[in-house]
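Number of protein chains: 2
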Amino acid sequence: MRLLASTDYALRVLMLLASAPDDARVSVDRLARALGGLSRNHLHKIVQELTALGITRTARGTGGGVTLAVSPQTVRLGSLLRQLEADQPMVECFRPDDSACPMLPACRLRTMLGAARDRFYESLDAFTLADCASRETLTDPP
Amino acid sequence: MRLLASTDYALRVLMLLASAPDDARVSVDRLARALGGLSRNHLHKIVQELTALGITRTARGTGGGVTLAVSPQTVRLGSLLRQLEADQPMVECFRPDDSACPMLPACRLRTMLGAARDRFYESLDAFTLADCASRETLTDPP
Numbered sequence: 001m002r003l004l005a006s007t008d009y010a011l012r013v014l015m016l017l018a019s020a021p022d023d024a025r026v027s028v029d030r031l032a033r034a035l036g037g038l039s040r041n042h043l044h045k046i047v048q049e050l051t052a053l054g055i056t057r058t059a060r061g062t063g064g065g066v067t068l069a070v071s072p073q074t075v076r077l078g079s080l081l082r083q084l085e086a087d088q089p090m091v092e093c094f095r096p097d098d099s100a101c102p103m104l105p106a107c108r109l110r111t112m113l114g115a116a117r118d119r120f121y122e123s124l125d126a127f128t129l130a131d132c133a134s135r136e137t138l139t140d141p142p
Numbered sequence: 001m002r003l004l005a006s007t008d009y010a011l012r013v014l015m016l017l018a019s020a021p022d023d024a025r026v027s028v029d030r031l032a033r034a035l036g037g038l039s040r041n042h043l044h045k046i047v048q049e050l051t052a053l054g055i056t057r058t059a060r061g062t063g064g065g066v067t068l069a070v071s072p073q074t075v076r077l078g079s080l081l082r083q084l085e086a087d088q089p090m091v092e093c094f095r096p097d098d099s100a101c102p103m104l105p106a107c108r109l110r111t112m113l114g115a116a117r118d119r120f121y122e123s124l125d126a127f128t129l130a131d132c133a134s135r136e137t138l139t140d141p142p
């Protein structure tokens with residue numbers, strides 16, 4: 001079972017933002033550094049996606065950067081991951097277009113897999129972004 | 001959330017074998033046909049993996065083919081998927097070698113993700129291969 005690399009990085013970005021003191025704006029350079037040198041291009045796409053979901057906002061110019069647009073207590077992790085992984089079919093027959101699997105009409109496994117996926121997300125919905133953020137997370141200079 | 005394509009096909013192979021009348025051997029050609037034209041090479045690798053796990057056995061020569069080595073009632077789906085996905089890290093920090101993520105020491109998310117993954121597999125452990133096999137599955141001629 002694998003999550004998208006972009007989901008992995010999006011989660012880290014949000015943990016970093018939730019850990020910033022007094023919800024200060026965090027520059028893309030600082031985020032990239034804290035993410036082990038992720039390319040600015042990749043990071044920009046991730047922030048764009050989070051902003052499109054209404055979770056982050058960005059400000060340009062001096063003192064600009066990225067910040068959370070919502071309280072971290074309101075971001076349920078399961079719901080967040082469902083959104084970030086929305087375009088990612090678990091197996092071929094979960095693709096929104098027609099699956100080519102000739103076994104589909106008689107398949108019972110698909111329902112079982114879908115239910116298991118729901119348990120995965122429900123487990124994460126017990127936590128919010130605030131639960132996994134830590135003041136220790138963002139320790140390098142601004 | 002995505003499973004490996006090889007896991008997807010391995011599950012289909014096992015459902016086909018469990019659906020074969022009187023546990024008859026099924027030829028690789030027939031399996032490939034029922035899997036929508038999957039290459040014999042790819043299929044061979046999948047059967048090899050299942051045989052290495054002790055779930056299938058193969059016989060060569062006339063009347064040869066693939067069959068289940070165990071009763072489908074004994075194959076718990078969660079346990080099976082854990083084995084098939086064993087080498088697949090959910091996110092970077094689940095890799096067996098050292099993760100490069102600088103947030104790891106203070107990270108609480110990793111434990112939450114691991115617990116959610118356990119819920120996924122536990123949900124599937126409520127079912128066996130026999131539960132998802134169907135006599136309607138293998139309908140083409142031998």
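Quick note, the sequences are listed as chains A and B, same order. Start counting the first sequence at 1; every next residue gets the next number (the numbering used here). Start counting the second sequence at 1; every next residue gets the next number (the numbering used here). Note that CB positions come from ideal geometry on N, CA and C, so glycine has one too. All figures in this text were calculated on a predicted structure; none of them were measured in a lab.
*Report yes or no: is there a C-beta of chain B within less than 9 Å of the C-beta of A/P102?*
yes
*Buried/exposed call for B/S123, threshold 16 Cβ in 10 Å*: buried
*For A/A59, which beta-bridge partners are listed by DSSP?*
A/G65
*Please specify which runs of the alpha helix (DSSP H), each continuous and at least 4 residues long, are wholly inside the stretch 1 to 80 of chain B, giving them in chain order.*
5 to 19, 28 to 34, 40 to 52
*Would you mind stating whether A/T56 and B/V91 have Cβ atoms separated by less than 9 Å?*
no
_Against A/E85, what residues of chain B qualify as contacts under a CB-to-CB distance less than 7 Å, listed in chain order?_
M1
_I need the straight-line Cα distance from A/A5 to B/G61, nearest angstrom please._
45 Å
*Identify every residue that forms a DSSP beta bridge with B/T128.*
B/R76
*So, using beta-carbon positions, are A/T128 and A/R82 closer together than 9 Å?*
no
*In three-state terms, what does DSSP make of A/M223?*
The structure shown does not extend to residue 223 of chain A, since chain A is modelled only from 1 to 142, so the question has no answer here.
_Between the CA atoms of B/R2 and B/A117 - distance to the nearest angstrom_ = The sequence given here has Arg at residue 117 of chain B, not Ala. Their Cα atoms are separated by approximately 12 Å.
_Within a Cβ cutoff of 7 Å, which residues of the same chain sit near B/Q88, ignoring the five residues on either side of it in sequence?_
L4
*Determine the direct distance from the alpha carbon of B/G64 to that of B/L84, and round the result to whole angstroms.*
25 Å
*Please check if any C-beta of chain A sits within less than 9 Å of the C-beta of B/S39.*
no
*Could you tell me whether the Cβ atoms of A/A18 and A/P102 are closer together than 9 Å?*
no
*Establish whether the CB of B/S123 and some CB of chain A are separated by less than 9 Å.*
yes
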